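Trainee: Structure provided below as structure tokens; questions to follow.
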Amino acid sequence: MKKTLLLLSALSIAAFTVKAQDTVKTTGDAPLVIYGSVDTYYKYDFANQGHSQIPTSFAGDHNSISVGMIDLGLKKKVGKAAFVGEMSFGPRNDQSIPNAGYHIQNLYVSYDLTDKLSLTAGYMGTFIGYEVISPAANFNYSTSYLFTNGPFQNAGFKATYTFSDKVSLMAGIFNNKWNYYSSFNADNSAAGDVSSFGAQLTVTPVKGWTAYLNLITGSYSGTEFDLTTAYQITDAFKLGLNAATFAAPNKSGGFSGVALYPQYAVSKAVTLGVRGEYFKNKSASGTAPSLPAPGESVTGLTFTANIKAGPLTFIPEIRVDHGSKNGFIVTDPTGVVAPYQVGFYNKSANPTQSAAQFLLAAVYSF
Numbered sequence: 012m013k014k015t016l017l018l019l020s021a022l023s024i025a026a027f028t029v030k031a032q033d034t035v036k037t038t039g040d041a042p043l044v045i046y047g048s049v050d051t052y053y054k055y056d057f058a059n060q061g062h063s064q065i066p067t068s069f070a071g072d073h074n075s076i077s078v079g080m081i082d083l084g085l086k087k088k089v090g091k092a093a094f095v096g097e098m099s100f101g102p103r104n105d106q107s108i109p110n111a112g113y114h115i116q117n118l119y120v121s122y123d124l125t126d127k128l129s130l131t132a133g134y135m136g137t138f139i140g141y142e143v144i145s146p147a148a149n150f151n152y153s154t155s156y157l158f159t160n161g162p163f164q165n166a167g168f169k170a171t172y173t174f175s176d177k178v179s180l181m182a183g184i185f186n187n188k189w190n191y192y193s194s195f196n197a198d199n200s201a202a203g204d205v206s207s208f209g210a211q212l213t214v215t216p217v218k219g220w221t222a223y224l225n226l227i228t229g230s231y232s233g234t235e236f237d238l239t240t241a242y243q244i245t246d247a248f249k250l251g252l253n254a255a256t257f258a259a260p261n262k263s264g265g266f267s268g269v270a271l272y273p274q275y276a277v278s279k280a281v282t283l284g285v286r287g288e289y290f291k292n293k294s295a296s297g298t299a300p301s302l303p304a305p306g307e308s309v310t311g312l313t314f315t316a317n318i319k320a321g322p323l324t325f326i327p328e329i330r331v332d333h334g335s336k337n338g339f340i341v342t343d344p345t346g347v348v349a350p351y352q353v354g355f356y357n358k359s360a361n362p363t364q365s366a367a368q369f370l371l372a373a374v375y376s377f
């Protein structure tokens with residue numbers, strides 16, 4: 012009798028445990044997903060001027076083995092509710108957020124109202140552009156002029172509606188200043204406002220091809236129209252494109268440009284690619300040192316390989332940029348900024364139209 016009772020008790024406990032596990036799977040805790048990357052690099056500028064001449068974002072050290080950042084993200088979804096929190100530490104982090112001490116790259120929550128409509132609020136990596144901050148998500152380790160001059164993050168509230176597996180639309184309102192956790196007032200006398208509007212139309216015409224038509228506009232940060240698309244034409248060949256135009260507030264200039272990203276996988280472990288970019292600074296005058304100079308343009312060619320060894324990717328890269336003019340003096344007609352010199356320089360420290368660099372990076376993704 013005792014054995015029978017013990018057996019029945021054991022079967023009851025087992026059944027309850029299975030039922031509890033099924034309940035957890037359907038209505039309880041989902042796994043907490045941890046992801047991120049670690050990266051380091053060496054870069055040499057062939058003009059050997061003691062610094063990196065090409066002024067796009069990140070990896071600015073010359074003739075040095077340097078660190079990028081450690082990126083650590085957490086995400087979880089239970090039922091219809093989800094969150095994403097992503098933090099990073101290192102020079103790449105410090106150059107991509109408004110306050111290096113906070114280390115926040117993404118911090119937002121979302122909720123699925125229906126199977127087709129979702130709402131998201133918080134601080135989010137921008138929906139504009141082809142390249143992103145995390146080196147693990149980029150093919151090239153160096154970044155484009157389009158990436159450097161566009162937004163990195165946008166804080167706000169957005170709604171995304173999925174019409175079908177081929178078309179979706181996002182629309183939202185965002186803080187008036189790009190890349191800031193909170194809205195911004197120019198004289199710091201009061202809070203700013205949530206006055207920027209953003210939208211993204213996503214279209215997948217055929218399998219392997221996705222295109223994003225993007226817009227962000229506001230009276231404080233300006234207006235940018237952006238097209239980002241990538242087409243996996245064959246198993247080995249992928250072609251990406253980014254084109255954008257930006258108008259600064261109060262007709263104070265802007266930029267336009269286009270970048271092409273052909274990539275070919277020669278094996279499962281090795282992919283070769285080129286980034287070809289044309290970028291024009293439409294500003295008539297400058298208020299800070301920049302390249303290209305106001306009213307000038309630059310063309311860049313970046314030859315990159317991705318060599319994979321499990322989660323580790325080695326990225327050798329050669330980049331050559333060519334400006335429309337030699338270095339020259341730029342003055343700000345408002346008198347706010349003292350005259351400064353922009354442009355590339357050769358080994359003799361004389362102005363020239365071209366700059367070249369070699370880079371070798373290692374990125375570990377998890």
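Residues 12 to 377 in the working numbering are what the sequence shown spells out, letter by letter. Ideal placement from N, C-alpha and C gives every residue a C-beta, glycine not left out. Quick caveat: nothing in here was measured; it's all calculated off a predicted structure.
With which residues is Arg286 paired in a DSSP beta bridge?
Mentor: Numbered from 1 along the sequence shown, position 275 holds the residue referred to as residue 286. In the DSSP output, where bridge partners are listed per residue, Arg286 has Thr313.
Trainee: Along the chain, which unbroken stretches of the beta strand (DSSP E) at least 3 residues long are found entirely within the region 104-131?
Mentor: Whole beta strand (DSSP E) segments, 3+ residues: 115-123.
Trainee: Roughly how many angstroms separate the alpha carbons of Gly251 and Gly311, rounded to a whole number?
Mentor: Indexing the sequence shown from 1 puts residue 251 at position 240. Indexing the sequence shown from 1 puts residue 311 at position 300. Approximately 16 Å between the Cα atoms of the pair.
Trainee: Look up Asn292 in the DSSP assignment and say whether it is helix, strand or coil.
Mentor: For the purposes of this step, residue 292 is identified with residue 281 of the sequence shown, where counting begins at 1. Of the three classes helix, strand and coil, the one that applies to Asn292 here is strand, per DSSP.
Trainee: On the DSSP bridge list, what partners appear for Ile326?
Mentor: Locating residue 326 in the sequence shown gives position 315, counting from the first residue. Ile326 pairs with Ala372.
Trainee: Cβ atoms of Phe369 and Ile329: under 8 Å apart, would you say?
Mentor: For this step, residue 329 is matched to residue 318 along the sequence shown. For this step, residue 369 is matched to residue 358 along the sequence shown. Yes.
Trainee: With a threshold of 8 Å, are at least 3 pairs of Cβ atoms found where one atom belongs to the region 161-168 and the other to the region 72-88?
Mentor: Touching, no.
Trainee: Would you kindly check if the distance between the Cβ of Tyr141 and the Cβ of Tyr275 is under 8 Å?
Mentor: Numbered from 1 along the sequence shown, position 264 holds the residue referred to as residue 275. Numbered from 1 along the sequence shown, position 130 holds the residue referred to as residue 141. It is not a contact, given that the beta carbons lie outside the stated cut-off.
Trainee: Just the C-alpha distance for Ala299 and Ser207, rounded to the nearest angstrom, thanks.
Mentor: Your numbering for residue 299 matches position 288 in the sequence shown. Your numbering for residue 207 matches position 196 in the sequence shown. Note that Ala299 has pLDDT 46, beneath the 50 cutoff, so the model's placement of it is unreliable and the number below is only indicative. Roughly 24 Å between the two C-alpha positions.
Trainee: Does the region 169-181 come within contact of the region 128-145, defined as at least 3 CB pairs closer than 8 Å?
Mentor: Counting Cβ pairs under 8 Å, three or more are found: they touch.
Trainee: Which residues bound the alpha helix (DSSP H) around Leu157?
Mentor: For the purposes of this step, residue 157 is taken as residue 146 along the sequence shown, with counting starting at 1. Unbroken alpha helix (DSSP H) run through Leu157: 156-160.
Trainee: What does DSSP give as the partner residue(s) for His333 in the beta ladder?
Mentor: Position 322 of the sequence shown, counted from the start, is the residue given in the question as residue 333. DSSP, once it has assigned bridges, lists Thr310, Ser365 as partnering His333.
Trainee: For Ala222, which three-state DSSP category applies?
Mentor: As a first step, residue 222 must be located in the sequence shown, where it is residue number 211. Note: Ala222 maps to strand in three-state DSSP.
Trainee: With 16 as the cutoff for other CB atoms within 10 Å, does Asn149 come out buried or exposed?
Mentor: Looking up residue 149 in the sequence shown gives position 138. Buried is the call here.
Trainee: Sorted by chain position, which residues of the same chain lie with C-beta nearer than 6 Å to Ala366's C-beta, five sequence neighbours on each side aside?
Mentor: As a working mapping, residue 366 is identified with position 355 in the sequence shown. Around Ala366: Gln64, Ile65, Asp332, Phe355.
Trainee: To the nearest angstrom, report how far apart Ser20 and Lys87 are at their CA atoms.
Mentor: Position 9 of the sequence shown, counted from the first residue, corresponds to residue 20. Position 76 of the sequence shown, counted from the first residue, corresponds to residue 87. Because the pLDDT at Ser20 is just 42, under 50, the model does not fix this residue reliably, and the point stays unresolved.
Trainee: State the start and end residues of the unbroken beta strand (DSSP E) segment that holds Ser207.
Mentor: By one-based count along the sequence shown, residue 207 stands at place 196. From DSSP, the beta strand (DSSP E) with Ser207 extends over 207-217.
Trainee: Is DSSP giving Val35 helix, strand or coil here?
Mentor: To locate residue 35, count along the sequence shown from 1; it is residue 24. For Val35, the pLDDT reaches just 37, beneath the cut-off of 50, and the residue's location in the model is therefore unreliable, although a value from the coordinates is still provided. Helix.
Trainee: For Ala401, count neighbouring Cβ atoms within 10 angstroms of its own Cβ and tell me buried if that reaches 16, exposed if not.
Mentor: Only positions 12 to 377 of the chain appear in this structure, which leaves residue 401 out of reach.
Trainee: Among residues of its own chain, excluding the 5 on either side of Gly229, which ones have a beta-carbon nearer than 6 Å to its beta-carbon?
Mentor: Start at 1 with the first residue of the sequence shown, and residue 229 comes out as number 218. Same-chain partners within the cutoff: Asn187, Ser206, Ser207.
Trainee: Please work out which residues of its chain come closer than 8 Å, Cβ to Cβ, to Ala111, disregarding the five sequence neighbours upstream and downstream, and give them in chain order.
Mentor: Locating residue 111 in the sequence shown gives position 100, where the first residue counts as 1. Hits under 8 Å: Asn104, Asp105.
Trainee: Tell me Met135's beta-bridge partners as DSSP assigns them.
Mentor: Locating residue 135 in the sequence shown gives position 124, where the first residue counts as 1. Per DSSP, Asn165.
Trainee: What span of residues does the beta strand (DSSP E) with Val78 cover, start to end?
Mentor: Taking the sequence shown and counting its residues from 1, the one referred to as residue 78 is at position 67. It spans 75-89 - the beta strand (DSSP E) in which Val78 sits, taken as one unbroken run.
Trainee: Could you give the C-beta distance for Thr256 and Ala241, rounded to a whole number, given that I count them as a contact under 8 Å?
Mentor: Here residue 256 is taken as the residue at index 245 of the sequence shown, counted from 1. Here residue 241 is taken as the residue at index 230 of the sequence shown, counted from 1. Between Ala241 and Thr256 the Cβ distance is about 20 Å, and since that is not below 8 Å, they are no contact.
Trainee: So, are the CB atoms of Gly203 and Phe185 less than 8 Å apart?
Mentor: Numbered from its first residue, the sequence shown carries residue 203 at position 192. Numbered from its first residue, the sequence shown carries residue 185 at position 174. No, they are not a contact pair.
Trainee: Please state whether the Cβ-Cβ distance between Lys262 and Ala304 is less than 8 Å.
Mentor: As a working mapping, residue 262 is identified with position 251 in the sequence shown. As a working mapping, residue 304 is identified with position 293 in the sequence shown. Not closer than 8 Å, so no.
Trainee: How many Å lie between Pro362 and Thr213 at the Cα?
Mentor: Sequence index remark: in the sequence shown, residue 362 carries index 351 (1-based). Sequence index remark: in the sequence shown, residue 213 carries index 202 (1-based). When rounded, the distance between both Cα atoms is 44 Å.
Trainee: Please report how far the alpha carbon of Asp82 lies from the alpha carbon of Met135, in whole angstroms.
Mentor: Indexing the sequence shown from 1 puts residue 82 at position 71. Indexing the sequence shown from 1 puts residue 135 at position 124. The straight-line gap from Cα to Cα measures roughly 15 Å.
Trainee: What's the call for Gly90, buried or exposed, on a 16-neighbour Cβ count within 10 Å?
Mentor: Residue numbering aside, residue 90 sits at position 79 when the sequence shown is read from its first letter. It is exposed - the Cβ of Gly90 has fewer than 16 other Cβ atoms within 10 Å.
Trainee: Over what stretch of residues does the beta strand (DSSP E) that includes Asn253 continue unbroken?
Mentor: The residue given as residue 253 occupies position 242 in the sequence shown. Unbroken beta strand (DSSP E) run through Asn253: 248-258.
Trainee: Is Tyr122 buried or exposed, if buried means 16 or more other CB atoms sit within 10 Å of its CB?
Mentor: Mapped onto the sequence shown, residue 122 falls at position 111. Tyr122 comes out exposed.
Trainee: Quick one: grab the DSSP three-state call for Pro273.
Mentor: Looking up residue 273 in the sequence shown gives position 262. Looking at Pro273 - three-state DSSP - the assignment turns out to be strand.
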